[in-house]
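Visitor:
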Amino acid sequence: MELLKYDYSLNQILIGLLFLAILTLWIYKRQGRAKLPPGPWHIPFIGNAWELASDPDLQKSLRRLHQQYGDVYRLYMGPKLAVVISGYEAIKEVFVKRGGEFSDRPDSLYNNLIGEKQGIASASGELWKEHRKFTLTSLRNLGFGKTSLEGKIQTEVSILLSEIVKQNEKPFCIQQLVQTSVSNVISAMVFVAFFPFLRFLPGDLFRIKKTLRNVKCVHGFIGELVDKHIENFDENKVEDFIDAFLLEMKNNRDQNDATFTKKHLIKTVADLFVAGTETTTTTITWAVLYLAAKQDIHTRIFREINQNLETDRLPSLQDKRNLVYTEAFIMEILRVCNIATISLPHTCTVDRTFRGFDIPKGTTLLPDIDSVLFDPNIWSDPEEFRPERFISEEGTLLKPDEFIPFFTGRRNCVGESLARMELYLFITALVQRFEFLPPEGISLDIKEIDGVFGVTHKPKPFEIRAKLRKE
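The sequence shown begins at 1 in the numbering used here and counts up by one.
What follows is the structure in structure tokens.
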């Protein structure tokens, strides 16, 4: 009996190996007929995981591959073909000039298990176009990117400043405080009231290893809030994004192919929280770290703010035109810290060609933003942190086309306008109120501080002191 069991198991293994061998041969033959971009050697079914894992710094790995293979090269994510698009001109050509050909999302673990190809981040084709247009229109009507949102942001800024004062100038980790305040801004637009969203979630929402578990928690939580909105829905009183979506659901109820569903609403709200919270939180956290490490820049920003603002009020959007160096600092943080090293993946639904290479249907395309923000041909000294690069000889703010921290093209970041408002209002208020310093006895060398690659490129946990400025 044991012998039969052993033979049966062995047969299963042999059949499995034979299947893998046939599949591998089929993939190679199919791709052998195509003129694919160059790329490193890969292990069948494992792909180039070893290539990227050889260096924990993803940016260094990508820069090495870009230098070796050029602006267009291939990698394998397991058995799946991916093509990395690097350099400003290549990214512009693929995702702007030919954006209609490469704007869909590929099949992936996230899209299939988490996004379910719904929401504005995971959807493709006409579904994505319809919902992106609706989302942007609804958010603009609610104040997205407008000065009417300024008061809501300043309310959270004031709360954050008060929380920092409570630290009594002792070393503390600022990230969680910032994350809660930033999340409340998007909560105000989606749920109407300020809501300490992250305090009710277990662990860190954005840790990759916890993604699946936390996504279920988030979707369940959002679902409960949607149900409450449905119970109290008044089509004549649209106060937040959920109300706007429910109204659209009502107006499309009689259509057989209606895409405005409760499930899609939950996915979209979850997308808005990631887009509206994680990236801004990470950028502000990097900014505080650089302020603590580079006291000369810290002092110059404070002097500019102090010279142009009364000390008894928070900075406003109207002050922005006078705070050129402060704005340049924020832009340089976005460039150097480059929190989205690679933008979200794209794909093509039919076979395409680019620069003489074949891009087969279903190929994953990865836009390498780092290759643009650290291109020495654009920035001359990209490794140096120098806000002055964004200031003209006349003292005005420069906005180069190649400055694309929020990506470019059809699928650029939906939350860019909100993020820019938040970064300016939070960072200027923080510098106005506090002097950020490393813990006593510790020196900060920014070049020795490593980032952690996950959903975003964020600094490793650190502590700083916030010294209250004398009025």
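Glycine residues also receive a C-beta, built at the ideal position from the N, C-alpha and C atoms.
Report the option in E169, Q179 and K146 whose CA atom is closest to the CA atom of L160.
Guide: Locating residue 160 in the sequence shown gives position 160, counting from the first residue. In terms of Cα proximity to L160, the closest of E169, Q179 and K146 is Q179.
Visitor: Check the DSSP bridge columns for T364 and list the partner residues they point to.
Guide: The residue you call residue 364 lines up with position 364 of the sequence shown. T364 is bridged to A82 and T347.
Visitor: Contact between the segment 347 to 354 and the segment 283 to 296: three or more CB pairs below 8 Å?
Guide: Remark: fewer than three beta-carbon pairs, one from each stretch, lie closer than 8 Å, so the segment 347 to 354 and the segment 283 to 296 are not flagged as touching.
Visitor: Note the first and the last residue of the continuous beta strand (DSSP E) segment covering F434.
Guide: Locating residue 434 in the sequence shown gives position 434, counting from the first residue. Note, F434: beta strand (DSSP E), F434 to L437.
Visitor: Return the CA-CA distance between D319 and S158, expressed in angstroms with no decimal places.
Guide: Along the sequence shown, one-based indexing puts residue 319 at 319. Along the sequence shown, one-based indexing puts residue 158 at 158. Their Cα atoms are separated by approximately 17 Å.
Visitor: Excluding sequence positions up to five away, which residues of its chain have a Cβ less than 7 Å from the Cβ of L127?
Guide: As a first step, residue 127 is located in the sequence shown; it is residue number 127 there, counting from the start. Excluding positions up to five away in sequence, the list reads T259.
Visitor: Reducing DSSP to helix, strand and coil, say where R352 ends up.
Guide: Residue numbering aside, residue 352 sits at position 352 when the sequence shown is read from its first letter. Here R352 sits in strand by DSSP.
Visitor: If you follow the beta strand (DSSP E) that V72 is in, where does it begin and where does it stop?
Guide: As a first step, residue 72 is located in the sequence shown; it is residue number 72 there, counting from the start. Counting along the chain, the beta strand (DSSP E) containing V72 begins and ends at V72 to M77.
Visitor: Got a sec? Which residues, its chain only, sit under 8 Å from M249 by beta carbon, not counting five neighbours each side?
Guide: The residue given as residue 249 occupies position 249 in the sequence shown. Correct list, in chain order: A258, F260, T261, K262 and L265.
Visitor: So what does DSSP say about I427, is it helix, strand or coil?
Guide: As a working note, residue 427 is residue 427 in the sequence shown. The answer is helix: DSSP assigns I427 an H, G or I state.
Visitor: Since T326 and E304 are thought to touch, with beta carbons under 8 Å apart, how far apart are those beta carbons, to the nearest angstrom?
Guide: Within the sequence shown, the letter at position 326 stands for residue 326. Within the sequence shown, the letter at position 304 stands for residue 304. Right, the Cβ-Cβ distance comes to about 6 Å (below 8 Å), so this counts as a contact.
Visitor: Report all residues from its chain with a CB closer than 7 Å to the CB of A292; omit the five preceding and five following residues, and keep chain order.
Guide: To locate residue 292, count along the sequence shown from 1; it is residue 292. The residues are F436, L437, P438, L444 and I464.
Visitor: Among I284, K170 and T363, whose alpha-carbon lies nearest the alpha-carbon of G78?
Guide: The residue you call residue 78 lines up with position 78 of the sequence shown. Of the listed residues, the one whose Cα sits closest to G78 is T363.
Visitor: Excluding the five sequence neighbours on either side, which residues of its own chain have a C-beta within less than 6 Å of the C-beta of K5, listed in chain order?
Guide: Locating residue 5 in the sequence shown gives position 5, counting from the first residue. With a pLDDT of only 47 at K5, under the threshold of 50, the placement of this residue in the model should not be trusted, and no figure is reported.
Visitor: Just to confirm, is the Cβ distance from D271 to G454 under 9 Å?
Guide: Numbered from its first residue, the sequence shown carries residue 271 at position 271. Numbered from its first residue, the sequence shown carries residue 454 at position 454. Going by C-beta atoms, D271 is not nearer than 9 Å to G454.
Visitor: Are there 16 or more other CB atoms within 10 angstroms of the CB of T396, so buried, or fewer, so exposed?
Guide: Your numbering for residue 396 matches position 396 in the sequence shown. So T396 ends up on the exposed side.
Visitor: Have a look at H457, I369 and D243 and flag the residue whose alpha-carbon is nearest the alpha-carbon of S138.
Guide: Working through the sequence shown from its first residue, we reach residue 138 at position 138. That would be D243, whose Cα lies nearest to the Cα of S138.
Visitor: Determine the direct distance from the alpha carbon of I174 to that of L314, and round the result to whole angstroms.
Guide: As a working note, residue 314 is residue 314 in the sequence shown. As a working note, residue 174 is residue 174 in the sequence shown. Rounded to whole angstroms, L314 to I174 spans 20 Å at the Cα level.
Visitor: Touch check for the segment 399 to 410 and the segment 81 to 96: three-plus C-beta pairs under 8 Å?
Guide: Yes, the segment 399 to 410 touches the segment 81 to 96.
Visitor: Would you identify the three-state DSSP class for G151, choosing helix, strand or coil?
Guide: Start at 1 with the first residue of the sequence shown, and residue 151 comes out as number 151. Three-state result, G151: helix.
Visitor: Given this structure, state the Cα-to-Cα distance separating N232 from G39, to the nearest angstrom.
Guide: One-based indexing of the sequence shown puts residue 232 at position 232. One-based indexing of the sequence shown puts residue 39 at position 39. The alpha-carbon atoms of N232 and G39 are separated by roughly 56 Å.
Visitor: Could you give the first and the last residue of the continuous beta strand (DSSP E) run that contains P459?
Guide: Taking the first residue of the sequence shown as position 1, residue 459 is located at position 459. Taken as a continuous stretch (DSSP letters only), the beta strand (DSSP E) holding P459 covers H457 to P459.
Visitor: I need the boundaries of the alpha helix (DSSP H) containing G125, first residue and last residue.
Guide: Walking along the sequence shown from the start, residue 125 turns up at place 125. G125 to N141 is the extent of the alpha helix (DSSP H) around G125.
Visitor: Which residue from V350, E440, A188 and E383 puts its Cα closest to that of G483?
Guide: The structure shown does not extend to residue 483, since the chain spans only 1 to 471, so no value can be given for it.
Visitor: With distances taken from CA atoms, which of E394, E416, D370 and P400 is nearest D57?
Guide: For this step, residue 57 is matched to residue 57 along the sequence shown. Minimum Cα distance to D57 is reached at D370.
Visitor: Under three-state DSSP, which class holds V94?
Guide: On the sequence shown, residue 94 is found 94 positions in, with the first residue counted as 1. If DSSP states are grouped into helix, strand and coil, V94 belongs with the helices.
Visitor: Looking at the secondary structure, which residues open and close the beta strand (DSSP E) in which V481 lies?
Guide: Summary: the structure shown does not reach residue 481, with the chain confined to residues 1 through 471, and so no result is reported for it.
Visitor: Considering only residues of the same chain and omitting the five flanking positions on each side of I186, which have a CB-CB separation below 7 Å?
Guide: Along the sequence shown, read from residue 1 onward, the residue named residue 186 stands at position 186. The residues are L272, F273, G276 and T277.
Visitor: Note down, one range per segment and in chain order, each alpha helix (DSSP H) of at least 4 residues found wholly within the segment 279 to 312.
Guide: 279 to 293 and 295 to 308
Visitor: Who are the Cβ neighbours of I342 in its own chain at under 7 Å, not counting the five residues just before and after it?
Guide: As a working note, residue 342 is residue 342 in the sequence shown. These residues qualify, in order along the chain: L366, P367, D368 and I369.
Visitor: I'd like the list of long-range same chain contacts for P106, defined as Cβ closer than 6 Å, with 5 residues on each side in sequence excluded.
Guide: If you number the sequence shown from 1, residue 106 lands on position 106. Within the same chain, P106 has close Cβ partners P345, T347 and T364.
Visitor: Which of the three DSSP states is assigned to L397 in this structure?
Guide: Walking along the sequence shown from the start, residue 397 turns up at place 397. Here L397 carries a strand assignment [DSSP, helix/strand/coil].
Visitor: Which residue marks the beginning of the beta strand (DSSP E) containing A466, and which one marks its end?
Guide: Indexing the sequence shown from 1 puts residue 466 at position 466. A466 -> beta strand (DSSP E) spans R465 to L468.
Visitor: Sorted by chain position, which residues of the same chain lie with C-beta nearer than 6 Å to L81's C-beta, five sequence neighbours on each side aside?
Guide: By one-based count along the sequence shown, residue 81 stands at place 81. Here the set comprises T363.
Visitor: Under three-state DSSP, which class holds F390?
Guide: In the sequence shown, counting from the first residue as 1, residue 390 sits at position 390. F390 falls in the helix class under three-state DSSP.
Visitor: Do the CB positions of P387 and A328 come within less than 9 Å of each other?
Guide: Position 387 of the sequence shown, counted from the start, is the residue given in the question as residue 387. Position 328 of the sequence shown, counted from the start, is the residue given in the question as residue 328. Yes, the Cβ-Cβ distance between P387 and A328 is below 9 Å.
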